[in-house]
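In the working numbering, the protein residues as written are 7 to 119. Down below is the structure, laid out as structure tokens.
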């Protein structure tokens with residue numbers, strides 16, 4: 007018998023334009039959302055180079071390939087510590103993604119292609 011490595015394929019993949027403005031991060035670029043069974047993979051590109059690579063699980067967020075942190079820690083560093091731990095996962099799971107929080111100066115808007 008032959009056994010081999012296989013790359014897990016997403017359940018759904020979408021190209022997008024994203025506006026991601028927080029006090030800690032600012033992006034207005036193109037990217038991809040790939041939906042898997044247990045996480046959402048967000049990649050933002052600028053001139054063909056990946057500038058943000060997140061695997062968003064319900065309770066943790068992994069940046070690039072190795073650095074993972076609890077969702078509450080990510081929220082505290084990059085969004086607002088008042089958001090619940092599933093905030094980003096739930097937001098990226100929506101069909102229409104538009105979120106504005108004037109108090110914390112946060113705007114997240116995704117235009118899916």
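For glycine and all other residues, C-beta sits at the position ideal for the given N, C-alpha and C.
Check residue 34 in the structure and name its three-state DSSP category. Here the question's residue 34 lines up with position 28 in the chain shown. Correct three-state label for residue 34: strand.
| Sorted by chain position, which residues of the same chain lie with C-beta nearer than 7 Å to residue 7's C-beta, five sequence neighbours on each side aside? | On the chain shown, residue 7 is found 1 positions in, with the first residue counted as 1. Note that residue 7 scores 48 on pLDDT, short of 50, meaning its location in the model is unreliable and no value can be drawn from it.
**residue 23 and residue 114 closer than 7 Å at C-beta** = The residue given as residue 23 occupies position 17 in the chain shown. The residue given as residue 114 occupies position 108 in the chain shown. Contact flag unset, no.
Hey, how far is the Cα of residue 82 from the Cα of residue 29?
As a position in the chain shown, residue 82 is number 76, starting the count at 1. As a position in the chain shown, residue 29 is number 23, starting the count at 1. Each residue's Cα considered, the two are about 11 Å apart.
Residue 47 to residue 63, Cα distance in whole Å?
Stepping through the chain shown from its first residue, residue 47 is reached at position 41. Stepping through the chain shown from its first residue, residue 63 is reached at position 57. Each residue's Cα considered, the two are about 9 Å apart.
Exercise. Can you pull the DSSP bridge partners for residue 26?
Worked result: Mapped onto the chain shown, residue 26 falls at position 20. Paired residue(s): 33, 114.
> Where does residue 5 land, buried or exposed, given buried means 16+ other C-beta within 10 angstroms?
Replying inline: Summary: the structure shown does not reach residue 5, with the chain confined to residues 7 through 119, and so no result is reported for it.
Notebook entry, point to check: Helix or strand or just coil, what does DSSP make of residue 109?
Noted result: Along the chain shown, read from residue 1 onward, the residue named residue 109 stands at position 103. Coil.
Exercise for review: With DSSP as the reference, label residue 40 as helix, strand or coil.
Suggested key: In the chain shown, the residue the question calls residue 40 occupies position 34. In this structure, residue 40 counts as strand in the three-state DSSP scheme.
Practice task
Look at the alpha carbon of residue 95 and the alpha carbon of residue 18, and state the distance between them as a whole number of angstroms.
Solution key: Locating residue 95 in the chain shown gives position 89, where the first residue counts as 1. Locating residue 18 in the chain shown gives position 12, where the first residue counts as 1. Rounded to whole angstroms, the gap between the alpha carbons of residue 95 and residue 18 is 15 Å.
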